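For any residue, its number in the working numbering is found by taking its place in the sequence shown, counting from 1, and adding 6.
Data first, discussion second: the structure below is written as structure tokens.
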Amino acid sequence: MNDSDVSDDLDQRIVAALQINPRAGVAELGRILGDHERTVARRIQRLLSTGTIRCTADYDPLYSGRGHSVHLRLRTAMGCLETIPQRLAKLPGVLNVAAVSGGAGLWCHLLVEGRPRLPSLPLEEVPGLPETTVLSSHITLRSFRTEAEWHAPVLAEEEEKRLRASLVQPLPGPAPRHDLTPTDRRVADALTRNARISLTDLGRDLGFSTATAGRRVASLLERRVLRLRTVADPAFLGRPVEARVRLKVHPAGIEVVGTALSRCPEVSFCAAVTGCHSILADVCVEDETSLYRFVVDTIGALPHILDCDTEILTRVSGPGSAAPDAP
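Structure (structure tokens):
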């Protein structure tokens, strides 16, 4: 079977599958998606080499001890919006940066080591970026859904179930915060560069046996220190409209609202945070009409919501990385 014989939605199905299981093998993907292994391998190689997707890993702030998850709402000087996001994305700890449509506003998600420092500096200049000021800051208190847990809703329920079957499962019960060893960091860094690296290559690069490499990777995932993630532009997945929704929620309803939003296929991120808005959520939909319907029909039907603020996001970016050499 040639790639030209397959409809374009195969790319979307492959990306969605890798969002669920970034380390799924091409043979496994071929069986689950119903396509030839070589076709899947070619598609993945092209998606990776062109930068359409990036398979990486994120530290979980709660379990890794790497810092605190903070969302900053920023304002830039007029005329600087083209360069500031790229400069921000290169700063240590920055996970992603998004511009707000129709103004000089930005959102920046970062990990702050130790007790959060930047959030204590509202209306002061961000270090190294004199054109930027912090309007508000929001420390994550409870994560309902991370970007690593979202996938495009294009697969059948049975396909999703089979993809999840080979995932390393977290250990049951609450995991204690773990102090990373130097070896943990080396393994985590390798997975951050390329989450699809084979255990053989990982062991060779770090001086382990393949079996030891497998145990090291499984340990980080079981203890929830790392979250594997396939990064893809939602527009490529048929959802070009991205929005950040800020919700004021009565304290009695924060858990209910956050849990409900985390189950919505449109929601790629949702967290309870500090600040005057108690919940932040990111939404990916097909068009503005779909966003309107989500706000009215989904958010409007939830209890305890006192206020809702919605902003269209543009030019979402994160730290760059080289494309891996192999699928």
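Don't be surprised by glycine CBs; every beta carbon is placed ideally from N, CA and C.
Remember, it's a predicted structure, so these values are computed and weren't measured experimentally.
Compute the distance between the beta-carbons of residue i and residue j, then report whether it is under 9 Å.
i: Ser143; j: Gly281; result: yes
i: Leu212; j: Ala196; result: yes
i: Val106; j: Glu317; result: yes
i: Val100; j: His115; result: yes
Let me make sure I understand the geometry here. Which of the options has the alpha-carbon closest to that of residue i?
i: Leu141; options: Arg81, Leu243, Pro257; result: Arg81
i: Leu308; options: His256, Ser274, Lys167, Glu294; result: His256
i: Cys358; options: Arg48, Ser75, Ile203; result: A question about residue 358 goes unanswered here, because the residues of the chain that appear run from 7 up to 333.
i: Asp185; options: Ser70, Glu43, Ile38; result: Ser70
i: Arg37; options: Asp293, Glu165, Ser204; result: Glu165
i: Val251; options: Arg168, Ala278, Ser225; result: Ala278
Express the C-alpha separation of residue j and residue i in angstroms, rounding to a whole number.
i: Glu261; j: Thr216; result: 42 Å
i: Glu119; j: Leu53; result: 33 Å
i: Val193; j: Asp313; result: 43 Å
i: Thr320; j: Glu248; result: 7 Å
i: Leu16; j: Pro159; result: 13 Å
i: Arg29; j: Arg202; result: 5 Å
i: Phe150; j: Ala33; result: 32 Å
i: Arg72; j: Val273; result: 26 Å
i: Gln175; j: Ile26; result: 13 Å
i: Asp190; j: Ala83; result: 41 Å
i: His157; j: Ala171; result: 16 Å
i: Arg199; j: Ser323; result: 16 Å
i: Arg19; j: Leu161; result: 6 Å
With 16 as the cutoff for other CB atoms within 10 Å, does residue i come out buried or exposed?
i: Pro240; result: buried
i: Tyr298; result: exposed
Helix, strand or coil for residue i, going by three-state DSSP, please let me know.
i: Glu248; result: strand
i: Asp66; result: coil
i: Leu173; result: coil
i: Phe214; result: coil
i: Ile203; result: coil
i: Leu129; result: Only weak support is given to the placement of Leu129: the predicted model assigns it a pLDDT of 39, under 50, and the value that follows is read from those uncertain coordinates. Coil.
i: Leu308; result: coil
i: Leu54; result: helix
i: Ser75; result: strand
Relative to the ligand ADP, is the shortest distance from any of its heavy atoms to the C-beta of residue i smaller than 8 Å?
i: Val46; result: Judged by which ligands are present, the structure shown has none, so any question about the ligand ADP falls away.
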